[in-house]
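S.K.: Numbering (my numbering), first residue to last: 1 to 137. Each residue gets a CB set at the ideal place from its N, CA and C atoms; glycine is no exception. For clarity, every value in this text was computed on a predicted model and none was experimentally measured. Quick one: structure below, then a few questions.
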Ligand SMILES: [Ca+2]
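This is how it looks when you write it as structure tokens:
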């Protein structure tokens, strides 16, 4: 009886439809990140470099490498997944107001908003931790 049901065409059809449905749901979750990563890879090749070194406003006379920091943010988020620890380390290195300059440079290099991208890449708690460490909260 059970064997008859399992071997029936209708059952196999339902099973296939179910598996296709699961596969499509999985793909739909992955697709936005994949498209975004492809877009940033493309825009990286069009990047220009001007006025790279900026002097920090903390009175120490130290300089920061805006392109290097923007690229470091990009590397921490590029491709599958996210390097959360790298983002936290960068937050400590690029506290406001430097973060705003890095975000401006990131936008001109990658044609996307840095903070929005970070928000997309991190979970809610992680994003709040990032914002706190960078000095936005
Ligand atoms: Ca990613």
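Are the beta-carbon atoms of residue 134 and residue 94 separated by less than 9 Å?
M.R.: yes
S.K.: Would you report the Cα separation of residue 61 and residue 53, rounded to the nearest angstrom?
M.R.: 12 Å
S.K.: Report the partner residues of residue 53 according to the DSSP bridge assignment.
M.R.: 65
S.K.: With residue 133 as the anchor, note down where its alpha helix (DSSP H) starts and where it stops.
M.R.: 124 to 134
S.K.: Within the present structure, is the beta-carbon of residue 84 separated from the nearest heavy atom of ligand 1 by less than 8 Å?
M.R.: no
S.K.: Out of 89, 12, 73, 87, point me to the one whose CA is closest to residue 105's CA.
M.R.: When only C-alpha atoms are compared, the closest one is 73.
S.K.: I'd like the list of long-range same chain contacts for residue 84, defined as Cβ closer than 7 Å, with 5 residues on each side in sequence excluded.
M.R.: 122, 126
S.K.: Report yes if the CB atom of residue 99 is closer than 9 Å to the CB atom of residue 56, and no otherwise.
M.R.: no
S.K.: Can you give me the Cβ contacts of residue 128 inside the same chain, cut-off strictly under 8 Å, excluding the 5 residues immediately before and after it?
M.R.: 137
S.K.: Is residue 121 near ligand 1, judged by its Cβ being under 8 Å from some heavy atom?
M.R.: yes
S.K.: For the candidate residues 71, 97, 101, whose alpha-carbon lies nearest to that of residue 87?
M.R.: 71
S.K.: Taking the straight line between their C-alpha atoms, what separation do you get for residue 131 and residue 114?
M.R.: 12 Å
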